[in-house]
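Peer 1: Below is the structure I would like to discuss, written out as structure tokens.
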Amino acid sequence: MKSFRHVDVTTVTEAVAALEYYKGKAVLNAGATDLLGILKDSLLPEQPAALINIKTIAGLNYIRADSAGVRIGALTRLSEIAASPAVSARHEGLARAARSVATPEIRNMGTLGGNLCQQVRCWYYRYPHHLGGRIICYRKGQGTCPAIIGDNRYHAIMGGKVCFAVCPSDLAVMLAALDARITLYGPEGERTLGIQDFFHTLGNVMGPREILTEVQVPLPPDNSRQTFHKYRLREQVDFAIVSIGSVIGVTDGRCTHAKIALGAVAPTPVRATGAENLILGKSIDADLAEAAARAAVTGAKPLGKNAYKIEITKTLVRRMLLSQL
Ligand SMILES: Cc1cc2nc3c(=O)[nH]c(=O)nc-3n(C[C@H](O)[C@H](O)[C@H](O)COP(=O)(O)OP(=O)(O)OC[C@H]3O[C@@H](n4cnc5c(N)ncnc54)[C@H](O)[C@@H]3O)c2cc1C
Ligand code: SF4
4 MKSFRHVDVT
14 TVTEAVAALE
24 YYKGKAVLNA
34 GATDLLGILK
44 DSLLPEQPAA
54 LINIKTIAGL
64 NYIRADSAGV
74 RIGALTRLSE
84 IAASPAVSAR
94 HEGLARAARS
104 VATPEIRNMG
114 TLGGNLCQQV
124 RCWYYRYPHH
134 LGGRIICYRK
144 GQGTCPAIIG
154 DNRYHAIMGG
164 KVCFAVCPSD
174 LAVMLAALDA
184 RITLYGPEGE
194 RTLGIQDFFH
204 TLGNVMGPRE
214 ILTEVQVPLP
224 PDNSRQTFHK
234 YRLREQVDFA
244 IVSIGSVIGV
254 TDGRCTHAKI
264 ALGAVAPTPV
274 RATGAENLIL
284 GKSIDADLAE
294 AAARAAVTGA
304 KPLGKNAYKI
314 EITKTLVRRM
324 LLSQL
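Our numbering numbers the first residue of the sequence shown as 4 and each following residue consecutively.
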């Protein structure tokens, strides 16, 4: 690993100033659970000249609940979200998603901001530079995507276009079902956007001198139930093959609120709007659950080795709806 400067900052303004000072040659460092591997394997086009340590910023680690919902600071650790009574009471699905991430050690170091900004797990992208040379690809800024004709069993079945790596964040999926909002801070001040506008095919909309500071999670309707479920190969520690976060409200037997988000099927968390629209206003039964499962994967275009993900997605949607009965 090449040597680099390690800069402790104490405010978000200092963090942005440090990013400006290093002119694109510095990266933010929170828990470093993702970043360290990236640096060790030389995945970035250029090794950074400096790591800007944001863990030294006081006041970015908090969970604040009020009548509107919960606000969570970017430096809040995943273990804190998983164990928070305020989160569990209002957003049980989010607590579940946090509990499903990695291992206790990683949850104790990894932060909310880092989880949302982590790099993709595509094995071509992650291939270590020191083991026979860098695998170049579209996301790395050169060439096309080798996964299209390669081993794409864990890649996207929808929304891929130029890069088929899936968004690896479990929290992002549940936050999409909860209509969360994300606040960024940069040279022009603060801006807040919906989580669906934060992610795109090649990552997120954050500028090179911006820092994620807070996530706001509104209260879902009183009659709603939240679920988060993740299908993975190794139950103890693994990224999702497919995941689902949902907030479903039912009154007098009819569905009044339907938010269903799918994870690990696309480069971003995906709202299954076809399924949502289908069940709204209706009473949920086995036939409707089956129809909604089919609607959730309308338009999916699997690659050569990942059509099985369509069946898993349908199963997760169907089971989630049947669990509401
Ligand atoms: C073995 C293993 C298993 C894992 N399993 C899962 C899993 O099942 N589900 C899952 O969701 N994740 C999983 N992860 C990923 C893990 O959740 C992330 O590594 C962790 O959340 C990152 O948080 P961090 O604070 O350590 O981020 P860092 O490693 O410090 O940073 C990660 C990236 O985010 C950027 N960043 C960090 N904070 C901010 C901020 N506030 N503003 C802007 N940019 C920021 C950094 O510059 C860097 O690019 C796993 C990781 C490992 C190593
Ligand atoms: S899926 Fe994306 S990250 Fe993976 S090889 Fe293709 S372009 Fe690169």
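Think of the CB as a built atom: it goes at the ideal place given N, C-alpha and C, for glycine as much as any other residue.
Can you tell me whether Glu83 is buried or exposed, with buried defined as 16 or more other CB within 10 angstroms of its CB?
Peer 2: Classification of Glu83: buried, given that the 10 Å Cβ count is 16 or more.
Peer 1: Which value, in whole angstroms, describes the spacing of the CA atoms of Lys43 and Arg321?
Peer 2: C-alpha separation (whole angstroms): 41 Å.
Peer 1: CB of Phe202 to nearest heavy atom of ligand 1: below 6 Å?
Peer 2: No - ligand 1 has no heavy atom lying nearer than 6 Å to the Cβ of Phe202.
Peer 1: Go ahead and label Ser246 buried or exposed: buried means 16 or more other beta carbons lie within 10 angstroms of its beta carbon, across all protein chains shown.
Peer 2: Buried, since its Cβ has 16 or more Cβ neighbours within 10 Å.
Peer 1: Should Ala92 go down as buried or exposed, given a rule of 16 or more other Cβ atoms within 10 Å for buried?
Peer 2: Exposed, by the Cβ-count rule.
Peer 1: Tell me whether Tyr234 sits in a helix, a strand or coil according to DSSP, three-state version.
Peer 2: Strand, per DSSP.
Peer 1: Decide if Lys164 is buried, meaning its Cβ has at least 16 other Cβ atoms within 10 Å, or exposed.
Peer 2: With fewer than 16 other Cβ atoms within 10 Å, it is exposed.
Peer 1: Measuring CA to CA, which of His132, Tyr127, Leu134, Ile152 is closest to Cys140?
Peer 2: It is Tyr127 whose Cα lies nearest to the Cα of Cys140.
Peer 1: Let me confirm a value: Asp225 is counted as buried when at least 16 other C-beta atoms fall within 10 Å, else exposed. Which label applies?
Peer 2: Flag for Asp225 reads exposed.
Peer 1: Identify the residues that DSSP records as bridge partners of Pro221: which are they?
Peer 2: In DSSP, Pro221 forms a bridge with Gly72.
Peer 1: Closer than 6 Å to a non-hydrogen atom of ligand 1 - does that hold for the CB of Thr13?
Peer 2: Incorrect: Thr13 has no Cβ contact closer than 6 Å to ligand 1.
Peer 1: Can you tell me whether Ile185 is helix, strand or coil according to DSSP?
Peer 2: Strand at Ile185.
Peer 1: Nearest-angstrom Cα distance between Pro190 and Ala20?
Peer 2: Near 8 Å, if we compare the C-alpha coordinates of Ala20 and Pro190.
Peer 1: Would you call Gln219 buried or exposed, if buried means 16 or more other Cβ atoms sit within 10 Å of its Cβ?
Peer 2: Gln219 comes out buried.
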